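Each protein sequence line maps, in turn, to chains A and B. In terms of numbering that gives the first Met the number 0, the first sequence is residues 0 to 307. In terms of numbering that gives the first Met the number 0, the second sequence is residues 0 to 298. Even for Gly, the Cβ is constructed at its ideal location relative to N, Cα and C. This structure is a prediction, so every number in the text was calculated from the model and none was measured. Take a look at the structure set out below.
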Amino acid sequence: MRSFLKNAILYFVLLVWLLAVVMPLLWVFASSLRSSREFVEDPFGMPWLITGSPYAENPDVDTPWESVVAGYRKAWVKSKFSRFFLNSVLVTTLSLAGIIGLSSMASYVLAKFAFPGSKLVLLYFVSGLMIPAQLVLIPLFFQFTTLSRWGTALLAPFGYELQLHDTFTGLITIYVALSLPFTILVLAGFFKSLPGELREAGIMDGCTEYGVFLHIMLPLSKPGLVTAAIFNFLGIWNEYLFALVFMNSDSHKTLPLGLAAVSIQAQYRTDFGLMFAGLVIVLVPTLLVYIVLQKQLTRGITVGALKG
Amino acid sequence: MKRTWEQSLFIAVFLTPAFLLFTVFVAVPGARALLYSLQKWDGLSKPEWVGLSNFAALFRDDLFRIALGHNVFLTVTAGSATILLALFFAAVLHRRVRGSAIFRVAFFFPNVIASVAVALLWLLLYSTTDFGVLNGFLAWMKETVDWPAVSLPIPFTGKPYLVYSVVPMLVWTATGFYMVLFLAAMEGIPESFYEVAELEGVSPFGQFWHITLPLIREVVVVGVVFLVIGSLKLFEAIWIMDNEWPSKETHVMATLLYQKVFSEYNVGYGSAVAVLMFVLVFVATLATLRFSRREALEY
């Protein structure tokens, strides 16, 4: 009997926290389905979309479905969430490609080829983990013009110009550079655990070093690549500070930046429907990715943290 | 093993891009920030060397002291609440409660939401308008049980209250992460330890206190260090909830840095704040390394 009571108390506490986590999210989803008329009539009611509108007989009032569609269309089109969304997809995809490409190459070489100074180079990369983003942010902001000029000089023979401020190129470059320490640390550990005989066998069979990396090592290190990709995805998809500093024009804003900008304006106009719709647009992709990848994600934390 | 010319070329080709990118966009700017912190500079004219006077100015400046105080306050309050709750939930789920997978998946979720979205979500929960859930709940309490004895609505996100209102939000976001961290460590403890304790008649709390906690101590320390580093860098929560323009009552170090550099163009001051943040993160990281270097317990 006593243990039953104890269990009941434990379950109660767990359920309270479960509600505390889930209810605010459900509330945002439900509220995004409600029109401003519904908020006026009952601030805490269920969406009429579900319970049915009391104005169903009145042709002058939009049906619940019409007002939901209108609300989301307003957010998606007029407030440019479609633009922000595509920008975020573009920036995240290209950054991830760059991070995984560069980090896997560098960490493979550092883990498997003991050239003089290879340990030192690994330490150099990993020491970047201790640098807070804010420290890098200030000089980058003031040096972007100089860096763009150098880049343009380098690319001039190919007929390209490099502009880093307020461009996707600039933001992606920063994201890739800042992600190198963490990703190289994770992947170097992974490559170290692969047997070196694989490489020798590949070379015997006439593979080049490039071929060994591409056809043997990369496929074998897939779990490590996936872990690294998930963490970098979350970091970049949700990143705010660097986007805030570098992306000034509206058409270049990423999703977190756009959501913040639209919401703060919406608050002054007390257009809360727009805020709810915007939040849902931001939350849904994260939720989907989380549901699909949560196993790998929590496993990654465990491995990363326990191995230091 | 003798290295052929081709092999050396291969190493160079694979290493150079990452090396250059890291050097140009992380290492050099990091070093340059150290120089900035010793200069007086508005970002345009010629910088002027001023030695350590930026740092001296920081510690004389009320604004910085208040911001640092807020960081410390949030670390201590939200941090200890997070660690305690995470330990509690991990211990409960570790003892194989029914449906523990659901709790674990749900509790972790707030951690993957963009911090901007979390801040806006809580801004809406705290809202003083009709649909503000928290104020609505308090109003309902007042009506039904005549409590609390305060005038409603409470402006939770108003200047003087904001720093306190951020605490539950930070705990809400972080608890799941640390719970998963601790839970993983607990799963490494052999079941036989608990079986023996059970036979000896040790209570569940006694088992937690004498078996679980000592054996996961190092992971808890790592967790505390993660938390400290995280709350030193805290930016979005304050920035968004104070309408992208924090002031004396609400600043933390990162928001103060942003304002000083990007709107007042006081680059030296802002860089000095960044360097201090770096020093604190550095100390915290070294502390973790010291702990994780210690030999892992073998069972």
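* Asked: Quick check: the stretch 65 to 84 of chain B against the stretch 160 to 173 of chain B, are there 3 or more CB pairs under 8 Å?
  -> yes
* To do: Could you check what DSSP says for residue 307 of chain A in three-state terms: helix, strand or coil?
  => Low per-residue confidence applies at residue 307 of chain A: pLDDT is 41, beneath 50, and the placement is therefore not dependable, though the value from the model is reported in the following sentence. Note: residue 307 of chain A maps to coil in three-state DSSP.
* **For residue 259 of chain B, the three-state DSSP class (helix, strand or coil)** => helix
* Please work out which residues of its chain come closer than 6 Å, Cβ to Cβ, to residue 174 of chain B, disregarding the five sequence neighbours upstream and downstream, and give them in chain order. => 81, 84 and 85
* C-beta neighbour in chain A for residue 199 of chain B, strict 8 Å -> no
* To do: Drop a sphere of 10 angstroms on the beta-carbon of residue 264 of chain A, count the other beta-carbons inside from all chains shown, and report buried for 16 or more, exposed for fewer.
  => exposed
* Taking residue 269 of chain A as part of the alpha helix (DSSP H), name the residues at either end of that continuous run. => Per DSSP, residue 269 of chain A belongs to no alpha helix (DSSP H) and is neither H nor E.
* **Residue-chain proximity (residue 140 of chain B, chain A), Cβ-Cβ < 8 Å** => no
* Top-ranked residue by Cα proximity to residue 35 of chain B, from B:48, B:204 and B:236 -> B:48
* Could you tell me whether any Cβ in chain A is nearer than 8 Å to the Cβ of residue 28 of chain B? => yes
* Identity of the residues DSSP links to residue 75 of chain A by a beta bridge -> DSSP, once it has assigned bridges, lists no residue as partnering residue 75 of chain A.
* Classify residue 247 of chain B as helix, strand or coil using the three-state DSSP reduction. => For residue 247 of chain B, the three-state secondary structure derived from DSSP is coil.
* Asked: At which residues does the alpha helix (DSSP H) containing residue 214 of chain A begin and terminate?
  -> Annotation: residue 214 of chain A is outside any alpha helix (DSSP H) and is labelled neither H nor E by DSSP.
* Inter-residue spacing [alpha-carbon to alpha-carbon] between residue 60 of chain A and residue 69 of chain A -> 13 Å
* **Segment contact flag, the stretch 73 to 81 of chain A with the stretch 151 to 167 of chain A, C-beta cutoff 8 Å, min 3 pairs** => no
* Would DSSP call residue 133 of chain A helix, strand or coil? -> Looking at residue 133 of chain A - three-state DSSP - the assignment turns out to be helix.
* To do: Could you tell me whether the Cβ of residue 71 of chain A comes closer than 8 Å to any Cβ of chain B?
  => no
* Asked: Which partner residues does residue 48 of chain B have in the DSSP bridge list?
  -> In the DSSP output, where bridge partners are listed per residue, residue 48 of chain B has B:38.
* Does residue 122 of chain A get closer than 8 Å to chain B when you measure Cβ to Cβ? -> no
* To do: Determine the contact status of residue 101 of chain A and residue 28 of chain B, defining contact as a CB-CB distance below 8 Å.
  => Contact flag unset, no.
* To do: Consider the Cβ of residue 64 of chain A: report whether some Cβ of chain B lies at a distance smaller than 8 Å.
  => no
* Is any beta-carbon of chain A found at less than 8 Å from that of residue 180 of chain B? -> yes
* Determine whether the Cβ of residue 35 of chain B lies closer than 8 Å to any Cβ atom of chain A. => yes
* Excluding sequence positions up to five away, which residues of its chain have a Cβ less than 8 Å from the Cβ of residue 296 of chain B? -> Its pLDDT being 49, under 50, residue 296 of chain B is placed unreliably in this model, and the value from its coordinates should be taken loosely. Here the set comprises 214.
* Any C-beta of chain B sitting closer than 8 Å to the C-beta of residue 19 of chain A? -> Answer yes: the Cβ-Cβ gap between residue 19 of chain A and chain B drops below 8 Å somewhere.
* To do: Put residue 238 of chain A into one of helix, strand or coil per three-state DSSP.
  => coil
* With 8 Å as the threshold, decide whether the Cβ of residue 293 of chain A is near any Cβ in chain B. => yes
* **Any chain A beta carbon closer than 8 Å to residue 105 of chain B** => yes
* Asked: With C-beta atoms as the reference, is residue 117 of chain A less than 8 Å away from residue 186 of chain A?
  -> no
* When you compare only the Cα positions, how much space is there between residue 205 of chain A and residue 175 of chain A? -> 34 Å
* To do: Can you grab the Cα-Cα spacing for the pair residue 107 of chain B / residue 43 of chain B, in whole Å?
  => 46 Å
* Run down chain A in chain order and give the residues with a C-beta less than 9 Å from the C-beta of residue 50 of chain B. => Chain A residues near residue 50 of chain B: none, gap ~19 Å exceeds 9 Å.
* residue 289 of chain B at chain A interface by Cβ criterion, 8 Å -> no
* Within 8 Å (strictly less), CB to CB, does residue 237 of chain A reach chain B? -> It does; some Cβ of chain B falls within 8 Å.
* To do: Please classify residue 247 of chain A: is it buried, with 16 or more other beta-carbons within 10 angstroms of its beta-carbon, or exposed?
  => Exposed, since its Cβ has fewer than 16 Cβ neighbours within 10 Å.
* Asked: What does a CB cutoff of less than 7 Å around residue 171 of chain A pick up in its chain, not counting 5 residues either side in sequence?
  -> 90, 93, 94 and 97
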